[in-house]
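In the UniProt record's numbering, the protein residues as written are 1 to 150. Glycine is no exception: its CB is placed at the ideal position from the N, C-alpha and C atoms. Report on the following structure.
Quick look at the structure:
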């Protein structure tokens, strides 16, 4: 049923958490099976690494996929492993800020800034280096403090 819903869809945004203790990557697997680009807003390290386990399959099918896109309103795109970042941002409504960040990733994927495979945003093929400035400008809309550190 999920695969049927993804037919003729350009991109799916998986925002139906919670991701904690989720043992399956059902939406990602359906996206790969239907050759649909994928983004999730996962905030769980175990789930995101499980999703990364589908990297080669997504790559072989030509599917670009970003995991952990929603938790990056202050993303450090120089981070090496998707877990060791310090970020600071201020926004009156966190949900709005996460929405802008997610939308920025959606646009980046639809504009072709992501190579096939499952990526953390900071990986070089996750978001092309030349596309990161625009992504961060889009993601930071409405913030009063937007600092990235390693």
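Residue 130 by DSSP, collapsed to three states: which one?
As a position in the chain shown, residue 130 is number 130, starting the count at 1. DSSP places residue 130 in helix when its eight states are reduced to three.
Report the residue from 3, 112 and 124 whose alpha carbon sits nearest the alpha carbon of residue 35.
If you number the chain shown from 1, residue 35 lands on position 35. Comparing Cα-Cα distances from residue 35 to each of 3, 112 and 124, the minimum goes to 3.
What residue does the beta strand (DSSP E) around residue 66 start on, and which one ends it?
The residue labelled residue 66 in the question sits at position 66 within the chain shown. Counting along the chain, the beta strand (DSSP E) containing residue 66 begins and ends at 64 to 66.
By Cβ distance, which residues of its chain are closer than 7 Å to residue 12, with the 5 residues on each side in sequence left out?
On the chain shown, residue 12 is found 12 positions in, with the first residue counted as 1. The residues are 6, 27, 31, 36 and 38.
Might you give, ordered along the chain, the residues of its own chain that have their beta carbon closer than 6 Å to the beta carbon of residue 61, omitting 5 neighbours on each side?
On the chain shown, residue 61 is found 61 positions in, with the first residue counted as 1. Here the set comprises 32 and 35.
What would DSSP say about residue 44, mapped onto helix, strand or coil?
Residue mapping note: residue 44 aligns to position 44 of the chain shown, counting from 1. Coil.
Cβ neighbour criterion (16 or more within 10 Å) applied to residue 40
Position 40 of the chain shown holds residue 40. Looking at its Cβ environment, which holds 16 or more other Cβ atoms inside 10 Å, residue 40 is buried.
Alpha helix (DSSP H) segment containing residue 27, residue limits:
As a position in the chain shown, residue 27 is number 27, starting the count at 1. Per DSSP, residue 27 belongs to the alpha helix (DSSP H) from 26 to 33.
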